[in-house]
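Student: Please find one structure pasted underneath; my questions will follow.
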Amino acid sequence: MKHILLITDSYPPEIRSASHLMLELAEELVKRQYKVTVVTCAAQYNLDTTEKNDGIEDRVENNVRVIRLKHLAHHKVNFVLRGIAQLILPYLFIRKIKKLINTKIDVAIVYSPPLPLAYVGVWMQKRFQAKFILNIQDIFPQNAIDLGVLKNKLIIQCFYLIEKYIYKKADMITVHSEGNKNLLISHYADIKNKLIVLHNWVDIHAYQNNPNKNYRKLFGLDNKFVFVFAGVIGPSQYLEILIQAANALKNISDLCFLIVGDGTEKLKLQKMVSDLHLQNVIFKDFINRDDYPNLLKACDVGLVSLSPKNKTPVVPGKILGYMAASLPVASFLNKESDAHAIIQTAHCGYSTVSDNLENVISVISKLYSNKEQCKIMGESGWHYVKNNFSKENCVDVIEKLLLT
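If you count the sequence shown from 1, you need to add 140 to reach our numbering.
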């Protein structure tokens, strides 16, 4: 039985796309007769209000051994502190692995960001002669440069050197779209043969059950046409454009924008809503992973937004959740995002660039005005995600990498 080690900075009960992906990967690999250990950070952020960190550092959850470690804050802090915390993370992970893992590891899969965490994979190669698979979700430092987070030329150069070193050492590198693959090849041609497109996935079965919570009633959404955004609220998400659109459409009495989650930009957005005296925007805290499908089924359209400053072809994972819930998608993205093509091919909604408020308003208005078309788009999205982004199909790709 092969022993697989998953390295990730987030894992349930933390609510984040990375944590959900890693949980589903771990549990699916266990079903396929692999031994799986997860090493992750102790949950501090993006918790459902009913969840608490009980402080247990090593336990088995659904046949997956989960090791959690204490760490410096690296979310919801300023970018200097975040950078320092991320650079320290590999040391903390390696120290914990040395302390608690004394059996052979066959494959180490590292989720990035944060990029420095990939040093753990390099160390695993040396310590256990393990295969090192790097799963890249955001291309760093490029995305941080695009957003204006990284400006110091010396620091940027240091991170580029880290990136180049990590890519050279990794045995295989997975990215979630062809656009990301082509972008990396354009910068690092020598890694072409180790790059694999591994689409992010969604557990479509979790969306098939009947809702056991009435979120329309809980959140006061009865008789409303609800556009929902659920996830991390940070600078990359660029939800200012949504608030501006809500202001332009405030006279439509039954149109509502529901924002569920938390992040560094939440207070700023709440102030915008307050200053504009908007009654059509509602903020709610994170809900737990099991209730997320129920939330989506209480809404009419799924929202996704990315800053036009982004220059990488990122595909937001929440799109797949919306499709699995048979929700049509309204997406406002940077022009480089591969998600535009996915939405067009799947016929599951409308997509436009996020630097044009008029286009954003037009997309929202078209969906609001054609509720029958929304149902058709939702059904089309469900069939597309089932055939292309199911958990089982995507883990098949990973399993081939494990066996080669």
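Ideal Cβ positions, reconstructed from N, Cα and C, are used throughout, including at glycine.
Output the boundary residues of the beta strand (DSSP E) element that contains Met312.
Tutor: Within the sequence shown, residue 312 is the residue found at index 172, counting from 1. Segment 312–315, the beta strand (DSSP E) holding Met312.
Student: Quick one: what's got a C-beta closer than 6 Å to Lys175's C-beta in the same chain, skipping five residues either side?
Tutor: Here the question's residue 175 lines up with position 35 in the sequence shown. Within the same chain, Lys175 has close Cβ partners Met141, His143.
Student: Work out the CA separation of Asn527 and Ile155 for me, nearest whole Å.
Tutor: Numbered from 1 along the sequence shown, position 15 holds the residue referred to as residue 155. Numbered from 1 along the sequence shown, position 387 holds the residue referred to as residue 527. One C-alpha to the other measures close to 26 Å.
Student: Quick one: residues in its chain with C-beta nearer than 6 Å to the C-beta of His487, no 5 flanking neighbours on either side, listed in chain order?
Tutor: By one-based count along the sequence shown, residue 487 stands at place 347. If we look at His487 and ignore the five residues flanking it on each side, its Cβ neighbours are Ser520.
Student: Check whether the segment 310–323 touches the segment 471–491, counting contact only when three or more Cβ pairs, one atom from each stretch, lie closer than 8 Å.
Tutor: yes
Student: Would you grab the beta carbon distance between Phe367 and Ala470 for me? Rounded to a whole angstrom, and I think it's under 8 Å.
Tutor: As a position in the sequence shown, residue 367 is number 227, starting the count at 1. As a position in the sequence shown, residue 470 is number 330, starting the count at 1. Contact flag correct, Cβ pair sits at about 6 Å.
Student: Beta-carbon separation of Ile399 and Leu416 under 8 Å?
Tutor: To locate residue 399, count along the sequence shown from 1; it is residue 259. To locate residue 416, count along the sequence shown from 1; it is residue 276. For Ile399 and Leu416, no; Cβs fall outside 8 Å.
Student: Please name the residue in Trp341, Ser491, Leu324 whose C-alpha comes closest to that of Lys334.
Tutor: Working through the sequence shown from its first residue, we reach residue 334 at position 194. Cα-wise, what sits closest to Lys334 is Leu324.
Student: With distance defined between alpha-carbon atoms, name the residue in Val200, Lys171, Leu229, Val493 nearest to Ser150.
Tutor: Your numbering for residue 150 matches position 10 in the sequence shown. Leu229 is the residue among Val200, Lys171, Leu229, Val493 whose C-alpha sits nearest the C-alpha of Ser150.
Student: For a test of the three-state rule: what should DSSP assign to Gly223, helix, strand or coil?
Tutor: Here residue 223 refers to the residue found at position 83 of the sequence shown. The answer is helix: DSSP assigns Gly223 an H, G or I state.
Student: Taking Ile241 as part of the beta strand (DSSP E), name the residues at either end of that continuous run.
Tutor: In the sequence shown, residue 241 corresponds to position 101, counting from 1. Note, Ile241: premise wrong, no beta strand (DSSP E); not H, not E.
Student: Indicate whether the contact test is met: 3 or more Cβ pairs, each with one atom in the segment 325–344 and one in the segment 500–515, closer than 8 Å.
Tutor: no
Student: Where do the N-terminal and C-terminal ends of the beta strand (DSSP E) with Lys271 fall, by residue?
Tutor: Counting from 1 along the sequence shown, the entry for residue 271 is found at position 131. Membership of Lys271 in the beta strand (DSSP E) is indicated by the continuous run 271–276.
Student: At 4 residues or longer, and completely inside the segment 401–448: list those alpha helix (DSSP H) runs for me, N to C.
Tutor: 406–415, 432–437
Student: Can you tell me whether Asp330 is buried or exposed? The criterion is at least 16 other CB atoms within 10 Å of its CB, across all chains shown.
Tutor: Your numbering for residue 330 matches position 190 in the sequence shown. Result: exposed.
Student: Beta-carbon within less than 7 Å of Thr492's beta-carbon, same chain only, minus the 5 sequence neighbours each way: which residues are those?
Tutor: For the purposes of this step, residue 492 is identified with residue 352 of the sequence shown, where counting begins at 1. Excluding residues within five positions, the ones whose Cβ falls inside 7 Å are Phe472, Asn499, Val500, Val503.
Student: Which term fits Thr544, buried or exposed, when burial requires 16 or more other beta carbons within 10 angstroms of its beta carbon?
Tutor: Translated into positions along the sequence shown, residue 544 becomes position 404. Exposed is the call here.
Student: Check whether the Cβ atoms of Met412 and Pro468 lie closer than 8 Å to each other.
Tutor: The sequence position of residue 412 within the sequence shown is 272, counting from 1. The sequence position of residue 468 within the sequence shown is 328, counting from 1. No, they are not a contact pair.
Student: Tell me the rounded alpha-carbon separation between Leu232 and His211.
Tutor: On the sequence shown, residue 232 is found 92 positions in, with the first residue counted as 1. On the sequence shown, residue 211 is found 71 positions in, with the first residue counted as 1. Each residue's alpha carbon lies about 7 Å from the other.
Student: Can you name the residues that DSSP bridges to Ile144?
Tutor: Counting from 1 along the sequence shown, the entry for residue 144 is found at position 4. In the DSSP output, where bridge partners are listed per residue, Ile144 has Val176, Val247.
Student: Going by alpha carbons, who is nearest to Thr485 out of Gly223, Met463, Leu541, Lys238?
Tutor: By one-based count along the sequence shown, residue 485 stands at place 345. Of the candidates Gly223, Met463, Leu541, Lys238, the one whose C-alpha sits nearest the C-alpha of Thr485 is Met463.
Student: Roughly how far, in whole angstroms, is the beta-carbon of Val573 from the beta-carbon of Val220, given that I think they are within contact range, below 8 Å?
Tutor: For the chain, the structure presents residues 141 to 544; residue 573 sits outside this window and is missing.
Student: Got a sec, what are the start and stop residues for the beta strand (DSSP E) Ile207 sits in?
Tutor: Position 67 of the sequence shown, counting from 1, holds the residue named residue 207. Taken as a continuous stretch (DSSP letters only), the beta strand (DSSP E) holding Ile207 covers 204–209.
Student: For the segment 457–508, list the beta strand (DSSP E) runs that are entirely contained and at least 3 residues long, ordered along the chain.
Tutor: 469–473, 489–493
Student: Alpha carbon to alpha carbon, how far is Lys236 from Ala270?
Tutor: In the sequence shown, counting from the first residue as 1, residue 236 sits at position 96. In the sequence shown, counting from the first residue as 1, residue 270 sits at position 130. Approximately 17 Å, taken between the alpha carbons.
Student: Exposed or buried, Arg199, counting other C-beta atoms within 10 Å across all chains shown (16 or more means buried)?
Tutor: The count along the sequence shown starts at 1 and reaches residue 199 at position 59. Within 10 angstroms of the beta-carbon of Arg199 lie fewer than 16 other beta-carbons, which makes it exposed.
Student: Going by the DSSP bridge assignment, what does Ser252 pair with across the sheet?
Tutor: Translated into positions along the sequence shown, residue 252 becomes position 112. Beta-bridge pairing links Ser252 to Ile276.
Student: On the premise that Ser494 lies in contact with Ile313, defined as a C-beta separation below 8 Å, what is that separation, rounded to the nearest angstrom?
Tutor: Position 173 of the sequence shown holds residue 313. Position 354 of the sequence shown holds residue 494. Not really, about 28 Å apart at Cβ, beyond 8 Å.
Student: By the DSSP assignment, the beta strand (DSSP E) with Phe529 in it spans what residues?
Tutor: As a first step, residue 529 must be located in the sequence shown, where it is residue number 389. No beta strand (DSSP E) contains Phe529, which DSSP labels as neither H nor E.
Student: Taking only runs that begin and end inside the segment 330–359, name each unbroken alpha helix (DSSP H) of 4 or more residues, in chain order.
Tutor: Whole alpha helix (DSSP H) segments, 4+ residues: 355–358.
Student: Leaving out five residues on either side along the sequence, give the residues of the same chain with a beta carbon under 6 Å from the beta carbon of Gly371.
Tutor: Translated into the one-based positions of the sequence shown, residue 371 becomes position 231. The answer, listed in chain order, is Gly401, Lys458.
Student: Please go through the same chain and pick out, in chain order, the residues whose beta-carbon is closer than 7 Å to the beta-carbon of Tyr522, but skip the five residues on each side of it.
Tutor: For the purposes of this step, residue 522 is identified with residue 382 of the sequence shown, where counting begins at 1. The identity of residue 522 in the sequence shown is Trp, whereas the question assumes Tyr. Closer than 7 Å at the Cβ level, and outside the excluded window around Trp522, lie Met463, Ala464, Ser466.
Student: Taking the beta carbon of Asn283 as the centre, do at least 16 other beta carbons fall within 10 Å, making it buried, or is it exposed?
Tutor: Here residue 283 is taken as the residue at index 143 of the sequence shown, counted from 1. Around the beta carbon of Asn283, a 10 Å sphere encloses 16 or more other beta carbons of the protein chains shown; the residue is thus reported as buried.
Student: Buried or exposed: Gly442, going by 16 or more other Cβ atoms within 10 Å of its Cβ?
Tutor: Counted from its first residue, the sequence shown places residue 442 at position 302. Under this definition Gly442 is a buried residue.
Student: So the candidates are Pro281, Pro375, Ile336, Leu145; which of them puts its Cα closest to the Cα of Ile234?
Tutor: Mapped onto the sequence shown, residue 234 falls at position 94. Closest option to Ile234, Cα to Cα, is Leu145.
Student: In its own chain, which residues sit with a C-beta less than 8 Å from the C-beta of Leu460, not counting the 5 before and 5 after it?
Tutor: Start at 1 with the first residue of the sequence shown, and residue 460 comes out as number 320. Only Asn340, Trp341, Val342, Val525, Phe529 meet the Cβ criterion.
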